[in-house]
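Going down the list, the protein sequences come from chains A and B.
Numbering-wise (the numbering used here), the first sequence opens with residue 12 and increments by one.
Numbering-wise (the numbering used here), the second sequence opens with residue 12 and increments by one.
By construction, the Cβ of each residue, glycine as well, lies at the ideal position given by its N, Cα and C atoms.
Scroll down for the structure; my scribbles are underneath it.
Number of protein chains: 2
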Amino acid sequence: MASEPTYQRVAAELRAAIASGDLDERLPSLAVLAQRYGVTSDIARSAVDVLRAEGLVTTRRGSGVYVRRFERITRRSPERLGRQYRASGRAVQDSDTGPRLRVVDIVVSEQPASSEVAEALGVEAGQSVLTRSRRFLVDNRPVQLATSFLPLDIAGGTRIAYTDAGPGGTYARLAELGHEPVRFTERLTARAPNPDEVERLDLGSSIGSLVLDIVRFASTEVGRCVEVNQMTLDATAYILEYDFMA
Amino acid sequence: MASEPTYQRVAAELRAAIASGDLDERLPSLAVLAQRYGVTSDIARSAVDVLRAEGLVTTRRGSGVYVRRFERITRRSPERLGRQYRASGRAVQDSDTGPRLRVVDIVVSEQPASSEVAEALGVEAGQSVLTRSRRFLVDNRPVQLATSFLPLDIAGGTRIAYTDAGPGGTYARLAELGHEPVRFTERLTARAPNPDEVERLDLGSSIGSLVLDIVRFASTEVGRCVEVNQMTLDATAYILEYDFMA
DNA sequence: GAGTGGTCTAGACCACTCC
DNA sequence: GAGTGGTCTAGACCACTCT
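Here it is in structure tokens:
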């Protein structure tokens, strides 16, 4: 054993092959890699694990290891939440990705609020709030899960309670209702994905992958929090950009 | 094999034992864990890998597996960059952690700028810039590496070029020099750590751990970028909070 | 020197995909 | 059914820490 573990050496060679374009689309099978590099298939898998953690490849059980040609999505705040985007009929997320985006699995329901959400929205703990959950695909790759929570006394019975919230999205409707969000706080943590997130974000395995957990609180001019949005992002799919003044 | 892999089951039990306080300080050795759960030591290690990715434990080769009792650091922007912090003689990072913070390995030098830094600072590519690098420990745990780049025509020969930049830190000195930073852009990505970062941040292994890479551009009232700060954070050590208006 | 985490082998079985 | 990724065993060796 040199100072560097074998699986790191194999990973480095595969990384170079991907960067140079020698490997595109798909990698040789683990068995072939193992033979080629003179290692066990377990070690070949460890090498692939490294690349997967870097977002360079994605693995599909029973199928193969595939190269991920994917440019990270740049997600700009606060520009993306400005009025100009909504005015043109675009929702928040369009600003980052344009036509490559697809929103699927939209589910709207009323659910009891968690204590964190209840406190933020100013309702009794356990009381129902409007819940909008959905999944974002970019170039058919799932990159984000999101669930919004809104107080029923504002959003109940409005267009917001429909799966299609209309042009400009939820925030445009809130503005029309006299509750335009103008101030935002985003709280960001990196953590290991749970099994459900591994599946819905196509992360392959919980080992070696992390997600970014963002909770955004949206408040109106008068300081009322009118939406809590919990987002789970594939950590390798994004660049987050924040602009602010001292 | 049930639907859930064995190493996940073992990880779940260890996680519960840590949460309940049954395991504190230190875990039994891998050999003991292997025997107790009736698995190979390799599998016991996989379980520990899961916990390490979650930031629950840290491993020390030749020594043991240790429980990480650590509350995440909340890093608030833009408050932390405001004048009030500097006025009281505190530097930026103090706002998040107070007396638990230690800054070590401060190295100040002049280095040729990378193309990204050169472009931002408005100097010729390859020209020298002032470079301040340092490492942050909180409760003796390394949590962040940072390197600042400043143009020599502003910072050269000033207090900023000393390892101790004085009360209020670099930004206070820039303000005194008539180049107070007032506008900031932070660009954040999650990525796998390189071997140097694994060592300096005590991440144990590059497998299963991610870092947050933040590049901050600090600009003055007249729109000149006077500092680029590249930070590498242990992803499991932080909560990042951003406040902004639409 | 004893004990520990980290890496690796050779071989096995499983779940899954693709033809 | 053949091939693929994912998990697991039993045993080995190494680098390191702690005494």
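Closest residue to A:E210 among A:R111, A:R152, A:R37 and A:S40 (Cα-Cα distance): A:R152
Please work out which residues of its chain come closer than 7 Å, Cβ to Cβ, to B:T200, disregarding the five sequence neighbours upstream and downstream, and give them in chain order. D224
Please list the partners that A:V193 has in chain B, where partner means a Cβ-to-Cβ separation under 8 Å. M256 and A257
Does B:S52 get closer than 8 Å to chain A when you measure Cβ to Cβ? no
Kindly list, in the order they appear in chain B, the residues whose Cβ is closer than 8 Å to that of A:E24. Those within 8 Å of A:E24 in chain B number zero; the least Cβ separation is about 16 Å.
Within 10 angstroms of its Cβ, does B:N205 collect 16 or more other Cβ (buried), or is it exposed? exposed
Does B:P178 come within less than 8 Å of chain A when only Cβ atoms are used? no
Could you spell out where the beta strand (DSSP E) holding A:P192 opens and where it closes? P192 to R202
With contact counted as at least three CB pairs below 8 Å, one residue from each stretch, are the stretch 32-39 of chain B and the stretch 69-81 of chain B in contact? yes
Please state whether DSSP places B:P162 in a helix, a strand or coil. coil
A:P192 beta carbon less than 8 Å from that of A:V237: yes
Ends of the beta strand (DSSP E) at A:D245? C236 to D245
On the criterion of 16 or more Cβ atoms from any shown chain inside 10 Å, does B:P178 qualify as buried, or is it exposed? exposed
Do the stretch 135-147 of chain A and the stretch 158-176 of chain A make contact, defined as three or more Cβ pairs closer than 8 Å? yes
In the structure shown, what three-state DSSP assignment does A:A13 receive? With a pLDDT of 45 at A:A13, under the threshold of 50, the predicted position of this residue should be treated as unreliable, and no value is reported.
Measure the CB-CB distance between A:V61 and A:T70 and report whether it falls below 8 Å. no
Which residues in the same chain have their Cβ closer than 8 Å to the Cβ of B:A45, if we skip the five residues on either side of it in sequence? T51, S52, I54 and A55
Is there a C-beta anywhere in chain A that falls below 8 Å from the one on B:I165? no
Exposed or buried, A:E197, counting other C-beta atoms within 10 Å across all chains shown (16 or more means buried)? buried
Does any CB atom of chain A fall closer than 8 Å to the CB of B:S99? no
From the DSSP output, read off the bridge partner residues of B:G75. B:R71
Determine the direct distance from the alpha carbon of B:T174 to that of A:R26, and round the result to whole angstroms. 38 Å
Of all Cβ atoms in chain B, is any one closer than 8 Å to the Cβ of A:T200? yes
Which chain A residues are close to B:P89, counting only those with a beta carbon under 7 Å from its beta carbon? F255, M256 and A257
Return the Cβ separation of B:Y253 and A:Y253 in integer angstroms, given the expectation that the two are a contact with Cβ distance under 8 Å. 5 Å
My output table needs one value for B:Q122: the three-state DSSP class, helix, strand or coil. strand
Can you confirm whether B:R80, when its beta carbon is compared against all beta carbons of chain A, has any partner nearer than 8 Å? no
On a CA-only basis, which of B:R227, B:V233 and B:I250 is nearest B:M242? Give me that one, please. B:R227
I need the straight-line Cα distance from A:L41 to A:G49, nearest angstrom please. 12 Å
Backbone secondary structure at A:S31 - three-state DSSP: helix
From the DSSP secondary-structure annotation, give me the bridge partner or partners of B:Q155. B:F147 and B:L244
Which chain B residues sit within Cβ distance under 8 Å of A:I250? R198, L199 and T200
Is A:R94 close to chain B, meaning its C-beta is less than 8 Å from at least one C-beta of that chain? yes
Quick check on the DSSP output: the alpha helix (DSSP H) that includes B:A64 runs from which residue to which? S52 to A64
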